[in-house]
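The structure appears right after this line, and notes come after that.
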Amino acid sequence: MSAFLTELAADPVIAVVRAPRIPDAAALCAALAEGGIRWVELTCTTDGVFGHLERAASVATGCRLGLGTVLTERQARDGLAAGAGFLVTPGCRPAVAAVGAPVVMGALTPTEVAAAVDLGAAAVKIFPARSFGPGYFKDLHGPFPGVPLVASGGVGADNAGAFLAAGALAVCAGSEVVPADLVAAGDWAALTRRARAFRAALGRD
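Per our numbering, residue 264 is the first one in the sequence shown, and the count goes up by one each step.
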């Protein structure tokens, strides 16, 4: 297992930040780290995301930064130059896989999972996970026993543990931990509390 996967398996929650406005990305990351979530994915759907990555990467926040919703090689390279250490795609993106960084590639069907593996994805993000449930991860591990799967989409404190128990390497925590309104308001204390509660629900507080 690569160092990237080993570290993710040991700390298996990625906070996915989808917010139209981030007043201080470094403070956001520090707040999540204080709550026990140390993997943070900023997304290309946020205006000025590359600047946010640069600012967060320039400060020791205790977080591993990634860039999500990556569709093109240009976005991938700009994200890596800004400080992202990993990339996340919403689907199979050969041009993104070719840049050479760890990629968590989006997929749903067995055919898409196989395609992501063939492209060299470090892990495969199954989206929307809630729609198919933890049992789907057990089913996928039949034909793909060695493929690291990440649960994304509708994952909350009430079901994250079930996805991990079903064989997911990690889970993505979205609006339950980092709702857009609290991010935009810069309510870092509230985000720390939400991160801590999410981790506690997994027995990892």
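We put the CB at the ideal spot given by N, CA and C, even for glycine.
Beta-carbon proximity of residue i to residue j, cut-off 8 angstroms
i: L427; j: L403; result: no
i: V367; j: A347; result: no
i: A364; j: I389; result: no
i: R462; j: V276; result: yes
i: T372; j: A358; result: no
i: A425; j: P397; result: yes
i: A319; j: A443; result: no
i: A278; j: A436; result: yes
i: A339; j: L350; result: yes
Contacts around residue i, its chain only, beta-carbon distance under 7 angstroms, and the 5 residues preceding and following it disregarded
i: V410; result: V376, V380, V387
i: R284; result: A447
i: K401; result: A429, G430
i: A294; result: W451, L454, T455
Identity of the residues DSSP links to residue i by a beta bridge
i: C435; result: I277
i: G331; result: T306
i: K388; result: G369, V413
Neighbourhood of residue i by C-beta, 6 angstroms cutoff - its chain only, sequence neighbours within 5 removed
i: A290; result: W451
i: F395; result: none
i: G419; result: E439
i: G405; result: none
i: F267; result: P365, A385
DSSP state of residue i mapped onto helix, strand, coil
i: F349; result: strand
i: A271; result: The sequence given here has Leu at residue 271, not Ala. L271: helix per DSSP, three-state reduction.
i: L412; result: strand
i: P286; result: coil
i: R393; result: helix
i: D421; result: coil
i: G354; result: coil
i: T374; result: helix
Residues near residue i in its chain [Cβ-Cβ closer than 8 angstroms; skip 5 each side]
i: L316; result: A288, L305, L328, L330, G342, A345, G346, A347
i: V280; result: L291, V303, E304, L305, T306, T309, V441, V446
i: S265; result: P365, A385
Element boundaries [alpha helix (DSSP H), containing residue i]
i: G299; result: Per DSSP, G299 belongs to no alpha helix (DSSP H) and is neither H nor E.
i: V312; result: 312-320
i: F461; result: 451-464
i: D444; result: 443-448
i: P406; result: Element bounds for P406: n/a, residue is neither H nor E.
CB contact below 8 angstroms: residue i versus chain B
i: A414; result: Absent from the structure is chain B; it holds one protein chain and no more.
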